[in-house]
């Protein structure tokens, strides 16, 4: 009994507990510091694994090959679909940059005069027309005048390209992590259920299932639709020759994830296409872009899980906050993570309220 302990024994016991707690804290902090650079990669890998698990299970039952073979083919296909376009785009950017630098040095770069319709662009039409005309008439003087701004923008573009390439490589690593988790799905599920039971008791398995349902719902209903819209807009822009199509496609992806109308990006692009392309092609592109921009309205009921209603503000804050903290991958991890936290918190509140009735 504690009451029979002497004062010195109580003091020694307290010191022992404090020392153990401090040592445990140091070990946990040390472990966290080591794994910190990989947290986002692992989280995104887990999210991908949870999302793809039902599909892999269905393929496993229907096709009857080894589960590991299905996962390997799936992973290699996804990694290839990421790396091949990235390589082609990088190669194109490098070649274009080298050609541009060569033309500037030789003085053979020719800027065509702007179309008169450029003046009619809202807000910035007059300024862009004046700048474009100056570059077409006297490119050297215009470049000298804009050298500080061009240098600054060049650094931003280079940094953005580096961040995009890093994001693709991180995505590839997360896919490999997801493949490892899927290959050992039974063990992963047991560990997840054990952790859930340890945290919330008897309802641990129920919370674990709700977590998986929420993750799949957000990935399919928010991120999945955003990716579909971004790819479709990118293909349309490439077809009509819109410059820097990949930049606008990423902007479409970003604003679609944060639940802002895609037309905010595609609208100005439609105006640009009308000012620089044949009216027939421009009209077809405009109809196509408007349909793609509005496609989330009929895609969400198909992809978004029933009963998983996440407020737009939660997705918005999660996506922006995640991107500020972790870069491109944070855009996805933040949206899913905050949505999951919100859903579990609301379930906890409802259970607590029902227990008081």
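Residue numbers (our numbering): 26 to 382.
The beta-carbon is built from N, C-alpha and C at its ideal position, and this holds for glycine as well.
- Using a Cβ distance threshold of 7 Å, residue 164 and residue 136 count as a contacting pair.
- In the structure shown, residue 36 falls within a helical segment according to DSSP collapsed to helix, strand and coil.
- The C-beta distance from residue 335 to residue 243 rounds to 6 Å, short enough to fall under 8 Å.
- Here residue 128 carries a helix assignment [DSSP, helix/strand/coil].
- Secondary structure at residue 85: helix, using DSSP grouped into helix, strand and coil.
- Of the other Cβ atoms in all chains shown, fewer than 16 fall within 10 Å of the Cβ of residue 223; this residue is therefore exposed.
- Under the 8 Å Cβ criterion, the stretch 227 to 237 does not count as touching the stretch 287 to 297, having fewer than three qualifying pairs.
- Going by beta carbons, residue 270 and residue 262 fall inside the 7 Å limit.
- Residue nearest to residue 160 within the set 132, 178, 55 is 132 (criterion: CA-CA distance).
- By the neighbour-count criterion, in which 16 or more other beta carbons inside 10 Å mark a residue as buried, residue 55 falls on the exposed side.
- Here residue 301 has 140 as same chain residues with Cβ atoms under 7 Å from its own Cβ, once five neighbours each way along the sequence are excluded.
- The alpha carbon of residue 313 has as its nearest neighbour, out of 327, 101, 288, the alpha carbon of 288.
- Distance from the CA atom of residue 93 to the CA atom of residue 208, rounded to whole angstroms, is 6 Å.
- Rounded to the nearest angstrom, the gap between the Cα atoms of residue 120 and residue 158 is 26 Å.
- With 16 or more other Cβ atoms from the protein chains shown falling within 10 Å of its own Cβ, residue 76 counts as buried.
- Cβ-Cβ distances below 6 Å link residue 233 to 217, 218, 221 in the same chain, with the five nearest sequence neighbours on each side left out; the list follows chain order.
- Residue environment analysis places residue 373 among the exposed positions, since fewer than 16 neighbouring C-beta atoms fall within 10 angstroms of its C-beta.
- The beta carbon of residue 95 lies closer than 8 Å to those of 81, 84, 85, 88 in the same chain, with the five residues before and after it left out.
- Cβ-Cβ distances below 6 Å link residue 367 to 339 in the same chain, with the five nearest sequence neighbours on each side left out; the list follows chain order.
- Straight-line spacing of the CA atoms in residue 363 and residue 105 works out to 30 Å.
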